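Presented below is the structure to which this report refers.
Number of protein chains: 2
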Amino acid sequence: MAIFSKTCEYAIRAVFFIAHKTATGNRVGIKDIAQGIDSPEHFLAKILQDLSRKGLISSIKGPHGGFYIDTPALARPLSEIVEAVDGNSLFYGCALGLKQCSEVNPCPLHNEFKAIRNRIHKMLNTTTIGSFNEELMEGLLSLKK
Amino acid sequence: MAIFSKTCEYAIRAVFFIAHKTATGNRVGIKDIAQGIDSPEHFLAKILQDLSRKGLISSIKGPHGGFYIDTPALARPLSEIVEAVDGNSLFYGCALGLKQCSEVNPCPLHNEFKAIRNRIHKMLNTTTIGSFNEELMEGLLSLKK
DNA sequence: AAAATAAAAGACAAAAATATCTTTTATTAA
DNA sequence: TTAATAAAAGATATTTTTGTCTTTTATTTT
Chain A
368 MAIFSKTCEY AIRAVFFIAH KTATGNRVGI KDIAQGIDSP EHFLAKILQD LSRKGLISSI
428 KGPHGGFYID TPALARPLSE IVEAVDGNSL FYGCALGLKQ CSEVNPCPLH NEFKAIRNRI
488 HKMLNTTTIG SFNEELMEGL LSLKK
Chain B
368 MAIFSKTCEY AIRAVFFIAH KTATGNRVGI KDIAQGIDSP EHFLAKILQD LSRKGLISSI
428 KGPHGGFYID TPALARPLSE IVEAVDGNSL FYGCALGLKQ CSEVNPCPLH NEFKAIRNRI
488 HKMLNTTTIG SFNEELMEGL LSLKK
């Protein structure tokens, strides 16, 4: 299994793509995004609609419209995207799927995974949506294939 | 999203359950296991058949038959169960789902997740199937709900 | 106002994961 | 050697995830 759902993978890649494309103020259309991150266009559209409804990204209809992320939003942590799409089970769920797993009623892997989940959470909390704009502009990082 | 698939969660819980129930040499039936870990019986049966075919656990048909794990197998790492069920993408896959992601062509999260994946891998490599038998016998750890 | 553009929304389809039910095979015990 | 037991195997069903296609709404430009 992967860490994120396919939906979340597309969401993160799209958000990075939009962030770096609109750091200069321009908007970018769904077609460009889908091709820029190598994802199915209409499926991605649904995902972005959802992120837009939740206020994590912005969009404008009509000619010269498209998606964008404003400067304050660039500073938000990636964890908000993940949580909006995949929920918080990656951060708080039991690795063995036990509802009642806790400090007082731990599954065998409870402590080990608590540390790992905390690390993932911390990492995604300190990584902002705009973190990679420069490297993306310089072509040092990849978002497709 | 969870770390493991539901199938893998059941597999790990079942393996721990069988390990501790058979540390004394007895076999345990699918009904007992399913109830002991709170999983759908027939679905679990499929999973255990698969693990049995792959030699990770053992079984015997007929009266007084059931599943068991022999002493050498108790020493095998949990990572083998995970890999048998979920494959190795948790250990080696790109967090953003990019096939071509690598050191020379990294996705934005490549380095951070490489460290996390390594940690998970290491942990599951050093945790053996029989690791928790004592705590399970003492009722200190939970495998259901 | 009309035409063009682009996201939003809705309906539908395919694939994968999860779950259930039935039949078969191997083994044991009476 | 028949009956009982228990896993293996097969068939089918349900749910969730992923993906596609069409229509509607909002906005802009002519």
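Taken in order, these protein sequences are the chains called A and B. Using my numbering, the letters of the first sequence correspond one by one to residues 368 to 512. Using my numbering, the letters of the second sequence correspond one by one to residues 368 to 512. A virtual CB, placed ideally from N, CA and C, is assigned to each residue, including glycine. None of the values given here were measured: they were computed from a predicted structure.
Bridge partners of residue i, per DSSP?
| i | result |
| --- | --- |
| residue 444 of chain B | B:495 |
| residue 396 of chain A | Paired residues: none, contrary to the question. |
| residue 433 of chain A | A:427 |
State the DSSP-derived secondary structure class of residue i, mapped to helix, strand or coil.
| i | result |
| --- | --- |
| residue 425 of chain A | strand |
| residue 416 of chain A | helix |
| residue 407 of chain A | coil |
| residue 468 of chain A | coil |
| residue 439 of chain B | helix |
| residue 389 of chain B | helix |
| residue 478 of chain B | helix |
| residue 375 of chain A | helix |
| residue 456 of chain A | helix |
| residue 489 of chain B | helix |
| residue 504 of chain A | helix |
| residue 381 of chain A | helix |
| residue 483 of chain B | helix |
| residue 369 of chain A | coil |
| residue 401 of chain A | helix |
| residue 462 of chain A | coil |
For residue i, which residues in chain B fall below 7 Å Cβ to Cβ?
| i | result |
| --- | --- |
| residue 380 of chain A | 463 |
| residue 376 of chain A | 463, 464 |
| residue 383 of chain A | 475 |
| residue 512 of chain A | 465, 466, 467 |
List the residues of chain A that residue i touches, going by C-beta distances under 8 Å, in chain order.
| i | result |
| --- | --- |
| residue 499 of chain B | 475 |
In chain A, which residues lie less than 7 Å from residue i when you measure between Cβ atoms?
| i | result |
| --- | --- |
| residue 460 of chain B | 369 |
| residue 472 of chain B | 509 |
Which residues in chain B sit within 9 Å of residue i, going by Cβ to Cβ distance?
| i | result |
| --- | --- |
| residue 373 of chain A | 464 |
| residue 453 of chain A | 368 |
| residue 504 of chain A | Simply none; closest approach about 12 Å. |
In chain B, which residues lie less than 8 Å from residue i when you measure between Cβ atoms?
| i | result |
| --- | --- |
| residue 456 of chain A | 368, 369 |
The region 456–465 of chain B / the region 396–413 of chain B touching (three or more Cβ pairs under 8 Å): no
Segment contact flag, the region 427–436 of chain B with the region 466–480 of chain B, C-beta cutoff 8 Å, min 3 pairs: Using a Cβ-Cβ distance cut-off of 8 Å, the region 427–436 of chain B and the region 466–480 of chain B are not in contact, since fewer than three pairs of beta carbons, one from each stretch, lie closer than that value.
Inter-stretch contact at 8 Å, needing at least 3 Cβ pairs: the region 440–460 of chain B / the region 414–428 of chain B: yes
Inter-stretch contact at 8 Å, needing at least 3 Cβ pairs: the region 446–454 of chain B / the region 486–506 of chain B: yes
Segment contact, 8 Å Cβ cut-off, at least three pairs: the region 378–389 of chain B with the region 409–416 of chain A: no
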